[in-house]
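Numbering (our numbering), first residue to last: 646 to 1073. Glycine included, every Cβ here is placed at the ideal spot set by N, Cα and C. Input: a single structure, listed below in structure tokens.
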Amino acid sequence: MNRAMKRALASVAVGVPVALGLGTIWAHAAVSEEASAGKNLEKNAVGLLQQRCQACHSLGRVFNRLDDDRTKWGRTLTKMRAYGAFLTNQEAELLETYLAERAKQQAFDAPIRASGRFGKDMIWTADELGRSISAIDLGHGAVTGTITGIHNPHNITMSPDGERIFVTDTGREEILVFGTVNGGLIGRFKADLNPMHVFVSPNQKYVLVTNSNSDSVTVHDYLTFARIATFPVGGLPHGLTITPDGRFVYAAGQLTDDVTVIDLEKLKVVQRIHTGQIPVVPAASSSNRFVVVSVLKTSEIWKIDVATQRVVGTVKVQGFPGQVGVSPDSRWVVSGNQITNNVSVIDATTMAVVATIDTGKWAHGVGFTPDSKNAIISNEEDSTISVIDLLKRKVVRSIRTGLGPNGIVGGYPVAMPYTCGPRQPLKP
Ligand code: HEC
């Protein structure tokens, strides 16, 4: 047993057995001190995880992580505590130790491999639990291509010309680049610590990454992936978006309750806009006029006017919204309400909710078909995507994906149709 493990175990055994609500088992003569202490740690930690984490999501989400670094777990637990998970400092220390040790025992070194049929007119999902990427042919109504061998694929985006897919692997802490023709790996590069979301600039010059454990946005050359600039942004940044004119980047700082605005022409930070508690994902409208942002703690969507960089509206949604998106015609805003398993459809002009639609467990990622007829939602804990008819306001199709789809993209123009020319509409 290493020192960190002993320290965490000792502090829990002595300090907070009541808070843990668990009986403590102690070594008996036949069992070595090390083995029994390890078991103890496991029992206390698993008990804690069962008590404190499952209110919001499954433990599969936790055990799936391959993070063997205590510091990284410390950041994740800080985020969960901000979201509302109750943990004392000692309990958090115990979990950091246990989860890092547990991950060390999970060997995963499968090579990255693509099989099946892929294409730029498909919907692509980053399957966080399945360690895979799915390419879904909506016309066919099924996954036709799968890429496996990725540690923890989180977010996914497409290049404006539809030739490339970029995926953040928060496990290996790198960005993977695939071709949309055959799903082949084109390249991979490191940004800063814990890369979360990735976005290509509309002129296809840059790739931008939010790095949640470095509190930074890094800008990379589209072709060489070389780092061009690094911007300090709000604490634990998660999502980012770029206005279709390519001018402004918005990055949400979850622990500082703000959105940092970067001017991509001048390559400098121009503003920090205060939002509600824990903004997660911003999304720009194709009209270039506004940006919306999901605010997790108060389950709200905030609207920012791009010309003035001021907040011009807010609306209450449900269940800790993850992603939010604006339909390509700029009429609708859709939020994935994670813990209520539904989406809110909001009129982008009036910012009033016009419909709340059940999709599946842990509604998270939001995409659209280029014709704005459909919103497409990834349901992370159901391993499905839901195709929503925005006029009929109902789910018209549900399609199975790889395990635990988080990020979703379908043709770069899903959010910004006018920047890249028309693309063949997808017919569900
Ligand atoms: C109040 C609700 C809530 C509680 C309680 C909660 N979580 Fe979470 N958790 C979330 C949300 C929301 C997300 C999705 C955030 C994201 O995608 O970054 C999430 C995602 C995660 C993830 C995957 C994303 C990542 O950043 O690695 C891990 C791991 C995780 N939680 C661990 C835990 C642990 C461990 C506990 C218990 C100590 C816990 N959570 C308790 C809300 C909660």
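Which one of the options has the shortest CA to CA distance from residue i?
| i | options | result |
| --- | --- | --- |
| Ala730 | Gln699, Ser930 and Leu821 | Gln699 |
| Thr886 | Gly898, Phe1013, Leu909 and Ala929 | Ala929 |
| Gln963 | Arg817, Gln983, Asp837 and Arg917 | Gln983 |
| Ser944 | Thr1014, Gln968 and Asp890 | Gln968 |
| His919 | Gly879, Phe893, Thr888 and Ile907 | Gly879 |
| Val862 | Val854, Thr869 and Leu868 | Val854 |
| Phe811 | Leu1048, His865 and Leu774 | His865 |
| Thr802 | Asp766, Thr793, Leu774 and Arg817 | Asp766 |
| Pro966 | Ser703, Gly683 and Tyr728 | Tyr728 |
| Asn856 | Glu1026, Arg720, Gly1010 and Ala993 | Arg720 |
| Gln916 | Val926, Pro889, Gln922 and Asp950 | Asp950 |
| Thr716 | Glu738, Cys701 and Ala1000 | Glu738 |
| Val852 | Arg833, Glu773 and Asn858 | Arg833 |
| Lys948 | Thr995, Lys688 and Gly884 | Thr995 |
| His883 | Asp902, Tyr867, Val990 and Pro889 | Asp902 |
| Pro927 | Asp714, Ser703, Phe753 and Ile946 | Ile946 |
| Lys961 | Ser939, Ser972 and Ser975 | Ser939 |
| Gly872 | Gly816, Gly683, Ala897 and Lys835 | Note that residue 872 is Arg in the sequence shown here, rather than Gly. Taking only the C-alpha atoms, the option nearest Arg872 is Lys835. |
| Leu941 | Leu912, Arg976, Ile757 and Leu900 | Leu900 |
Keeping to the same chain, check which residues put their C-beta closer than 7 Å to that of residue i; ignore five residues upstream and five downstream.
| i | result |
| --- | --- |
| Arg697 | Ala730, Phe731 and Leu732 |
| Asp814 | Ile795, His796, Asn797, Pro798 and Leu821 |
| Glu910 | Arg892 |
| Asp1003 | Asn986 and Asn987 |
| Gln954 | Val906, Gln916 and Ile918 |
| Gly981 | Pro966, Gly967, Gln968, Val988, Ala1008, His1009, Gly1010, Val1011 and Ile1022 |
| Gly828 | Ala759, Phe763, Ala780, Gly790 and Ile792 |
| Leu838 | Glu818, Asn856, Asn858 and Ser859 |
Using C-beta distances below 8 Å, list every residue in its chain close to residue i, excluding the 5 sequence neighbours before and after it, in chain order.
| i | result |
| --- | --- |
| Val1041 | Asn1019, Val1032, Ile1033, Asp1034 and Pro1073 |
| Val638 | Because the chain is modelled from 646 through 1073, residue 638 falls outside the range shown and cannot be assessed. |
| Ala755 | Arg776, Thr793 and Gly794 |
| Ala952 | Arg934 |
| Glu808 | Lys765, Gly824, Thr825 and Val826 |
| Asp714 | Ala745 |
Please work out which residues of its chain come closer than 6 Å, Cβ to Cβ, to residue i, disregarding the five sequence neighbours upstream and downstream, and give them in chain order.
| i | result |
| --- | --- |
| Thr770 | Ser779, Ser1023, Thr1046, Pro1050 and Ile1053 |
| Gly824 | Ile831 |
| Ala649 | Annotation note: pLDDT 45 at Ala649 (below 50); position unreliable, no value reported. |
| Ala680 | none |
| Asn709 | Leu774 |
| Asp908 | Val915 |
| Gly1055 | Ile768 and Gly1012 |
Taking 7 Å as the cut-off, is the beta-carbon of residue i closer than that to any non-hydrogen atom of ligand 3?
| i | result |
| --- | --- |
| Tyr895 | Ligand 3 is absent from the structure shown, which contains only ligand 1. |
Do the segment 739–750 and the segment 789–802 meet, that is, are 3 or more Cβ pairs less than 8 Å apart? no
Segment contact, 8 Å Cβ cut-off, at least three pairs: the segment 1029–1045 with the segment 756–763: no
Of all the beta strand (DSSP E) runs that stay within the bounds of the segment 722–749, which reach a length of 3 or more residues? none
Fully enclosed by the segment 746–784, which beta strand (DSSP E) runs are 3 residues long or longer? 758–761, 768–772 and 777–782
Within the segment 974–1004, ranges of the beta strand (DSSP E) (whole runs, at least 3 residues): 977–982, 987–992 and 998–1003
Could you pull out every unbroken beta strand (DSSP E) segment of at least 3 residues lying fully inside the segment 804–836, listed in chain order? 809–814, 819–824 and 830–834
Restricting to runs no shorter than 3 residues, where is the beta strand (DSSP E) found entirely within the segment 834–922? 840–845, 851–856, 861–866, 872–877, 882–887, 893–898, 903–908 and 913–919
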